[in-house]
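**Student:**
In the UniProt record's numbering, the protein residues as written are 1 to 221.
1. For the beta strand (DSSP E) holding residue 56, just list the boundary residues, first then last.
2. Tell me the DSSP bridge mates of residue 161?
3. Beta carbon of residue 197, beta carbon of residue 152: below 8 angstroms?
4. Under 8 angstroms, do residue 222 and residue 45 count as touching if we go by C-beta distance?
5. Reducing DSSP to helix, strand and coil, say where residue 222 ends up.
6. What span of residues does the beta strand (DSSP E) with residue 96 cover, start to end?
7. Is residue 216 buried or exposed, if buried means 16 or more other CB atoms sit within 10 Å of its CB?
8. Return the chain-ordered list of same chain residues with a C-beta closer than 6 angstroms to the C-beta of residue 222, the five sequence neighbours on each side being excluded.
9. Going by DSSP, which residues form a beta bridge with residue 204?
10. Tell me residue 134's beta-bridge partners as DSSP assigns them.
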């Protein structure tokens, strides 16, 4: 795929490794593509799959598809993906995320309400489930019942984790989330209204800021 072709498309996620290798997911098509420094084209991975997230973890790219299957991505000598774990549950997760947290690789499932919400809200997140990808021996998924001091931040940008102890005013065992900036175009009239914090098994809205807050808006994390 020529570099210009990708340049003209919307990207839902872009990840770069320390050596300059870039992985990207193309919006709507859900294609996963790679390019190394100096390449004049992108290499696409299995266009039949619907990819939802990609992450660079301990020197290796990992990706997850819409069924919750996790793959390790090898770029040399040829680009290929090898499945290392599967959700193995008959669920209806809306989206899957990969997050590094305290040195662990986590898989997060996001679930939506079964019925559409009244206008202007097209859908609503109802819960999350978190799994740890255990690669010590035979790779398997271990459900995480509590994040402890950790907070997860999920969205279009690369997902990340922080310790509540390092962030005054925040509490651990929370998942902060936003809708994709492209959901408003592809998943309903006002999908981007779906954001909040998941705690104690429920969803709560994020604190609101008045218009004067924009004057002193802090830099993005």
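Beta carbons: idealized from backbone N, C-alpha and C, even for Gly.
**Tutor:** Short version:
1. Taken as a continuous stretch (DSSP letters only), the beta strand (DSSP E) holding residue 56 covers 51-57.
2. According to DSSP, which records beta bridges pairwise, residue 161 is partnered with 152.
3. In this structure, residue 152 does not lie closer than 8 angstroms to residue 197 by Cβ.
4. Given a span of 1 to 221 for the chain in the structure shown, any question on residue 222 remains unanswerable.
5. This structure leaves residue 222 out entirely; the chain is present only between 1 and 221.
6. Residue 96 -> beta strand (DSSP E) spans 95-101.
7. Because residue 216 carries a pLDDT of 49, less than 50, the predicted location of this residue cannot be relied on, and the following value inherits that uncertainty. The residue is exposed, with fewer than 16 neighbouring Cβ atoms inside 10 Å.
8. This structure gives no information on residue 222, because the portion of the chain shown stretches from 1 to 221.
9. Per DSSP, 197.
10. Residue 134 is bridged by DSSP to 140.
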